[in-house]
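Visitor: full-length UniProt numbering puts the first residue of the sequence shown at 1, with every later residue one more than the last. Think of the CB as a built atom: it goes at the ideal place given N, C-alpha and C, for glycine as much as any other residue. Below is the structure I would like to discuss, written out as structure tokens.
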Amino acid sequence: MSPARAKTSYSEIIRTAQHLLETQGLENLSMQTLATALGVRAPSLYKHVKNKSQLVRAVLEHLLAELGETLANAAQGNNPSADLRAMAIAYRKFAHDHSTLYPLLYSNLSSEMQPDIGVSAAAVAPLLKTVEQWMGKEKSLSAARIVVAFTHGFVDMELIGAFRLGGNVEEAFELGIESLIKVLKELS
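Laid out in structure tokens, this is it:
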């Protein structure tokens, strides 16, 4: 057995836990498996995170921050139609890139594992800002929910292999986004 390393950083713990969640799933994550992956003893992890629930919450908050950055980078800020299209495409790619973890963002996890609402709000802030340009502040939350509902629903169906009738799934996604853009323009 190799000696335990002297220190493990919080960011290294979160990165490794994210990797374990992506490769082994939530049910197989434990503080012991994380400690083994990091080459430390499990008790040393408790200096950084209280328990598995807090660990999962931290990983999901990290994932949401990454999603928010992805959406912000997709938007250019000058054209709501182009920005919304780019964000929807980026959201879809993000979900596919994190196909194991992404569903946890919408799962009925215990309250201890649920990401902080402020982190969730920050993740969708770029989308809210974009739809607010069309809809105004009063309607922006409802419009953003419509966009997320379509995009998430589509991606969720893709990830579980629910599009079994043939046809071009890419075209269907593009048609859905273009339809949303058209409706939002008409409602503004």
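If you count every other CB in all the chains shown that lies within 10 Å of the CB of Gln18, and 16 or more means buried, which is it?
Guide: buried
Visitor: Tell me which same chain residues have a C-beta within less than 6 Å of the C-beta of Gly68, skipping the five on either side of it?
Guide: Ala122, Ala123
Visitor: For Ile177, which residues from the same chain have a beta carbon less than 7 Å from its beta carbon, with the 5 sequence-adjacent residues on both sides left out?
Guide: Shown here for Ile177: same chain residues with a beta carbon closer than 7 Å to its own, the five before and five after excluded, namely Arg85, Ala88 in chain order.
Visitor: Take residue 194 as the anchor and find which of Gly167, Val148, Arg164, Asn28 has the nearest alpha-carbon.
Guide: Because residue 194 is not part of the residues shown, which for the chain are 1 to 188, the question remains open.
Visitor: Should Val101 and Leu159 be called a contact, given that it needs their Cβ atoms to be closer than 9 Å?
Guide: Going by the sequence as given, residue 101 is Leu instead of Val. Against a cut-off of 9 Å, the Cβ pair of Leu159 and Leu101 comes out as no contact.
Visitor: Cβ of Leu45 less than 9 Å from any chain D Cβ?
Guide: This model lacks chain D altogether; it includes just one protein chain.
Visitor: If you run the structure through DSSP and keep just helix, strand and coil, what is His48?
Guide: coil
Visitor: My guess is that Ala72 and Pro115 are in contact by the Cβ rule of under 8 Å, so how many angstroms apart are they, rounded?
Guide: Not confirmed; about 18 Å, so no contact.
Visitor: Distance check for Val40 and Ala143, CA to CA, integer angstroms please.
Guide: Answer to the nearest angstrom: the Cα atoms are 47 Å apart.
Visitor: Just checking my contact of Thr8 with Ser30 at CB under 8 Å: how many whole Å lie between their CB atoms?
Guide: That pair is no contact at about 16 Å.
Visitor: Decide if the region 169-186 is in contact with the region 150-158; the criterion is three or more beta carbon pairs, one per stretch, under 8 Å apart.
Guide: yes
Visitor: Using a Cβ-Cβ cutoff of less than 7 Å, which residues in the same chain neighbour Ser99 once the five nearest sequence positions on both sides are dropped?
Guide: Leu159
Visitor: Assuming contact is defined by CB atoms lying nearer than 9 Å, are Leu104 and Leu60 in contact in what I supplied?
Guide: yes
Visitor: For residue 191 and Gln133, I'd like the C-alpha separation in whole angstroms.
Guide: A question about residue 191 goes unanswered here, because the residues of the chain that appear run from 1 up to 188.
Visitor: Once DSSP output is grouped into helix, strand and coil, what is the label at His98?
Guide: The answer is coil: DSSP assigns His98 none of H, G, I, E or B.
Visitor: Within the continuous alpha helix (DSSP H) that includes Gly167, where are the two ends?
Guide: Note, Gly167: premise wrong, no alpha helix (DSSP H); not H, not E.
Visitor: Could you have a look at Lys7 and say whether DSSP puts it in helix, strand or coil?
Guide: In the displayed model, Lys7 falls within coil according to three-state DSSP, outside both helix and strand.
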